[in-house]
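S.K.: Take this structure first; my questions come after.
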Amino acid sequence: MSEGAMSGAIEFHAGMNPRRLRVIFFVLWGVLLLAKVALAARLPLFVDEAFYAWEGRHLDWAYSDVPGLTAALMRLGTELGGNHVLALRAPFLLLGAWLPWLVRGIARRWFGERAGEQAGLLALAMPLSGLLGVLALPDVPLVVSALLCLDVLARLRARITYSVLLELALALVMGAFSHYRFAAVIVAGLAGILLDARGRALLRDVRIWVVLLVGACAWWPLWQWNLEHGGAGWRFQLLDRNPWSFHADGIEWLPIQCLLVTPPLFVLLLATLITAWRKRNEPDSPWRLLFGITVVAVPGYFLLGFFADRERVSFHWPLAGWLLLIVAAPGLLAGWSQSTRRILWTTAATAMMLCLLWLVAASSTHHRRSLALSRLYPEPFAGTDEVSDWLARKGIDSTTPIIASDFEIAAQLAFHLDRSDIRVLDDPLNHKHGRAQQLQAWGLVLDSASQLPPGPAWLIVDDSVTPLKLRLLAYHRRCEVMGRLPPPEVLQVDHGLKRYLRYRLEAPGKYRDCIAPALAWVDAPLPGAKVAGAVDIRGWAFKDGVGLDRVEVLLDGRSLGNADYGVAMPGVQGFWKISTDPNQPRVGFNMTVNTTRLAPGRYWLGLRLHGSDGSVEAWPEQRLIVAPR
Numbered sequence: 065m066s067e068g069a070m071s072g073a074i075e076f077h078a079g080m081n082p083r084r085l086r087v088i089f090f091v092l093w094g095v096l097l098l099a100k101v102a103l104a105a106r107l108p109l110f111v112d113e114a115f116y117a118w119e120g121r122h123l124d125w126a127y128s129d130v131p132g133l134t135a136a137l138m139r140l141g142t143e144l145g146g147n148h149v150l151a152l153r154a155p156f157l158l159l160g161a162w163l164p165w166l167v168r169g170i171a172r173r174w175f176g177e178r179a180g181e182q183a184g185l186l187a188l189a190m191p192l193s194g195l196l197g198v199l200a201l202p203d204v205p206l207v208v209s210a211l212l213c214l215d216v217l218a219r220l221r222a223r224i225t226y227s228v229l230l231e232l233a234l235a236l237v238m239g240a241f242s243h244y245r246f247a248a249v250i251v252a253g254l255a256g257i258l259l260d261a262r263g264r265a266l267l268r269d270v271r272i273w274v275v276l277l278v279g280a281c282a283w284w285p286l287w288q289w290n291l292e293h294g295g296a297g298w299r300f301q302l303l304d305r306n307p308w309s310f311h312a313d314g315i316e317w318l319p320i321q322c323l324l325v326t327p328p329l330f331v332l333l334l335a336t337l338i339t340a341w342r343k344r345n346e347p348d349s350p351w352r353l354l355f356g357i358t359v360v361a362v363p364g365y366f367l368l369g370f371f372a373d374r375e376r377v378s379f380h381w382p383l384a385g386w387l388l389l390i391v392a393a394p395g396l397l398a399g400w401s402q403s404t405r406r407i408l409w410t411t412a413a414t415a416m417m418l419c420l421l422w423l424v425a426a427s428s429t430h431h432r433r434s435l436a437l438s439r440l441y442p443e444p445f446a447g448t449d450e451v452s453d454w455l456a457r458k459g460i461d462s463t464t465p466i467i468a469s470d471f472e473i474a475a476q477l478a479f480h481l482d483r484s485d486i487r488v489l490d491d492p493l494n495h496k497h498g499r500a501q502q503l504q505a506w507g508l509v510l511d512s513a514s515q516l517p518p519g520p521a522w523l524i525v526d527d528s529v530t531p532l533k534l535r536l537l538a539y540h541r542r543c544e545v546m547g548r549l550p551p552p553e554v555l556q557v558d559h560g561l562k563r564y565l566r567y568r569l570e571a572p573g574k575y576r577d578c579i580a581p582a583l584a585w586v587d588a589p590l591p592g593a594k595v596a597g598a599v600d601i602r603g604w605a606f607k608d609g610v611g612l613d614r615v616e617v618l619l620d621g622r623s624l625g626n627a628d629y630g631v632a633m634p635g636v637q638g639f640w641k642i643s644t645d646p647n648q649p650r651v652g653f654n655m656t657v658n659t660t661r662l663a664p665g666r667y668w669l670g671l672r673l674h675g676s677d678g679s680v681e682a683w684p685e686q687r688l689i690v691a692p693r
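Residues in the sequence shown are numbered from 65 upward in steps of one, following my numbering.
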């Protein structure tokens, strides 16, 4: 269905037949589900998905980063469908497909049949909720359990039955096993209940307290894990990842949410929140309950953004709050003009199409590569398949020990190679993302040379996850653990935006002195520069331990010859104070390239670094634009 047809099909007015709305909902739900299944089958594994899948290989009630439900769902999917990304994501696709039906059902119960169909369509149209389930992440069961709790409250306000109490117990247990953040859902729910007269009446029924006790018991596995591991999970979620000091970056929450929700829908939902406040005193209405919940679940996260984590993705946190506002939004939407409604649906359809196209590009090597160095580059999905195929071509069997540089590449390899025994170096990245304690609990951390396997093994390093300014220090730290490393084989993905090093390790103790991979930088021309005529290519390159013999300049993978190497650059030595390259400070290079023989257009400028020990390492490429003559 085209974008125009989609927006036209759902440009309804207040008197549209609910039956027609129902047909539109069924059709769009089915089309979107098919698109999500196709994407889930092709999209490379996201980093966090890979680690949750690794946890699924070590089934437990709780882990350092999340409770056990996400890992269990992944394990269920792979047990039924094999070690494939679609099988791993299948349970999450089903939960995500259920979500619009939950929104639709709650809205029908409170605001009528027509409002229910419209709310279901809005839940489909908002990219954050419409695409939920494509990735196997804890937010899928978390949001579903939050909506289930709301559905239960909607029914309990009318009548308390044992079937509804059972649904509440299941929703609370499901949420507790989904994520630490379900605690915020509970706080929001209690705020709504305490503001609502009917909600407060529920708290006088002993059966409600029995169910709440069952929900509280579901948190015990997470408490037990933290008690046994020094509170590592609590410490990461509450302290390590959150500075708890004011920072102005929180203001970015508003424009980010506006774009993700889509601007017209964002305005509609904020207007719905204001309406909930204004109508809070209407007798027997759910507005006070809705306001109490959403004021915590939406503005509450906005305020939290000024004090909490700035480094990790958190744009999806208010999703449950937005969906609750969608439940009540159709009444306001009916009062908008026809042209305004058309803008809302057209914008939502456009945003959904753009998100789908971006995910399609992320699932295609060719299209992902074309986005290299742009702000749309899908870095979290890059390199997984290529590095796994790289190892498979090397003929690594299931008995050859593999050591990974950090938890990210280790988890990805564990899934693609169908292994549970991959060892991991004690990298700062493991601690930054709260996974170090879990790796220690599994006994998979390798932090000294005495733990190296007795025979040949492979060390796989994701070089691109370490900022350039920290790489030399990272190389030296690996030498402290592994001893002197042999020359690495280099795999560059998407022009080197993802870069991997592969080492074949012999028996421990064979290597003593530290020889690090080469480091380099092109000072001129700058990335993306337009050039014409004679172009001076200048920069520096060095290799700790042995030094470089020569620096070869490449254009679109073709050699242009060797640069003049050995220019004195004391500034480089001053910055890399720990460098042991014997050529320091004479590590600069320059070369003049005549571009008059090149056709105007875009090229990729790269380096090939030749070490004195015979090693040859490719360096990431940068864009060069040859201007028309």
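Every residue gets a Cβ at the ideal spot worked out from N, C-alpha and C, and that includes glycine.
Since this is a predicted model, take the numbers as computed values, not measurements.
Whole angstroms is fine: what's the gap from A694's alpha carbon to V91's?
M.R.: Any answer about residue 694 is impossible in this case: the structure gives the chain only from 65 up to 693.
S.K.: By Cβ distance, which residues of its chain are closer than 6 Å to P465, with the 5 residues on each side in sequence left out?
M.R.: Counting only Cβ-Cβ distances below 6 Å, and skipping sequence neighbours, we find P517 and A521.
S.K.: Just mark A456 as buried or exposed, buried being the case when its beta carbon has 16 or more other beta carbons within 10 Å.
M.R.: exposed
S.K.: Taking three-plus beta-carbon pairs below 8 Å as touching, is the stretch 230-242 in contact with the stretch 117-133?
M.R.: With three or more CB-CB distances shorter than 8 Å, the stretch 230-242 counts as touching the stretch 117-133.
S.K.: Between the beta-carbon of R172 and the beta-carbon of G160, is there less than 8 Å?
M.R.: Taking 8 Å as the Cβ cut-off, R172 and G160 do not qualify as a contacting pair.
S.K.: With a threshold of 6 Å on Cβ separation, who are the neighbours of V680 within its own chain once the five nearest residues in sequence on each side are excluded?
M.R.: H674
S.K.: Enumerate in chain order the residues of its own chain whose CB-to-CB distance from A598 is below 6 Å, with the five nearest sequence positions on each side excluded.
M.R.: T656 and N658
S.K.: Taking 8 Å as the threshold (C-beta atoms), are L152 and A200 in contact?
M.R.: yes
S.K.: Indicate the three-state DSSP secondary structure (helix, strand or coil) for Y539 in the structure shown.
M.R.: helix
S.K.: Classify C281 as buried or exposed, calling it buried when 16 or more other Cβ atoms lie within 10 Å of its own Cβ.
M.R.: exposed
S.K.: Whole-angstrom Cβ separation of N654 and V631, contact assumed at under 8 Å?
M.R.: By a beta-carbon distance limit of 8 Å, N654 contacts V631. Their separation comes to about 6 Å.
S.K.: Please classify Q182: is it buried, with 16 or more other beta-carbons within 10 angstroms of its beta-carbon, or exposed?
M.R.: buried
S.K.: On a Cα-Cα basis, can you pick out the residue from V249, R262, L510 and G638 that is closest to G364?
M.R.: Comparing alpha carbon positions, the residue from V249, R262, L510 and G638 closest to G364 is V249.
S.K.: Does the beta-carbon distance from A478 to S469 come in below 8 Å?
M.R.: no
S.K.: May I ask you to verify whether the stretch 393-412 touches the stretch 342-351, counting CB pairs closer than 8 Å and requiring at least 3?
M.R.: no
S.K.: Can you tell me the Cα-Cα spacing of D558 and L337, whole angstroms?
M.R.: 44 Å
S.K.: Strictly by DSSP, which residues pair up with G710?
M.R.: Coverage of the chain is limited to positions 65 through 693, which leaves residue 710 absent and any answer about it impossible.
S.K.: Would DSSP call Q476 helix, strand or coil?
M.R.: helix
S.K.: Do A584 and W683 have their CB atoms nearer than 8 Å?
M.R.: Going by C-beta atoms, A584 is nearer than 8 Å to W683.
S.K.: Is W506 closer than 8 Å to M11 when the C-beta atoms are compared?
M.R.: There is no way to answer for residue 11, as the model of the chain reaches only from 65 to 693.
S.K.: In the DSSP assignment, what residue or residues form a beta bridge with Y564?
M.R.: Partner(s): D526 and L555.
S.K.: Opposite W668 in the DSSP bridges: which residues?
M.R.: R687
S.K.: If you compare alpha carbons, which of G652, F639, L503 and K496 is closest to L303?
M.R.: Nearest of G652, F639, L503 and K496 to L303, Cα basis: K496.
S.K.: Tell me whether L688 is buried or exposed, calling it buried when 16 or more other Cβ atoms sit within 10 Å of its Cβ.
M.R.: buried
S.K.: Helix, strand or coil for D313, going by three-state DSSP, please let me know.
M.R.: helix
S.K.: In whole angstroms, what is the alpha-carbon distance linking R264 and G94?
M.R.: 39 Å
S.K.: My output table needs one value for A596: the three-state DSSP class, helix, strand or coil.
M.R.: coil
S.K.: Alpha carbon to alpha carbon, what distance is there between P382 and V362?
M.R.: 5 Å
S.K.: Please state if the CB of F445 and the CB of P12 are separated by a distance shorter than 8 Å.
M.R.: The chain is shown only over 65 to 693; residue 12 falls outside these bounds and no answer can be derived.
S.K.: Once the 5 residues before and after R352 are set aside, which same chain residues still bring their CB inside 7 Å of it?
M.R.: If we look at R352 and ignore the five residues flanking it on each side, its Cβ neighbours are L259, D260 and R344.
S.K.: In or out: P319 buried (at least 16 other Cβ within 10 Å) or exposed?
M.R.: exposed
S.K.: Taking its Cβ as the centre, do 16 or more other Cβ atoms sit within 10 Å of V87, making it buried, or is it exposed?
M.R.: By the Cβ-count criterion, V87 is exposed, with fewer than 16 other Cβ atoms from all chains shown falling within 10 Å of its own Cβ.
S.K.: Is it buried or exposed for Y226, if we count other Cβ within 10 angstroms and need 16 for buried?
M.R.: exposed
S.K.: Extract the residue ranges of the alpha helix (DSSP H) inside the stretch 580-661, only unbroken runs of 4 or more that lie entirely within it.
M.R.: 634-639
S.K.: Helix, strand or coil, according to DSSP, for P131 in the structure here?
M.R.: strand
S.K.: Within the stretch 401-434, note down every full alpha helix (DSSP H) run reaching 4 residues or more, in order along the chain.
M.R.: 402-426 and 429-434
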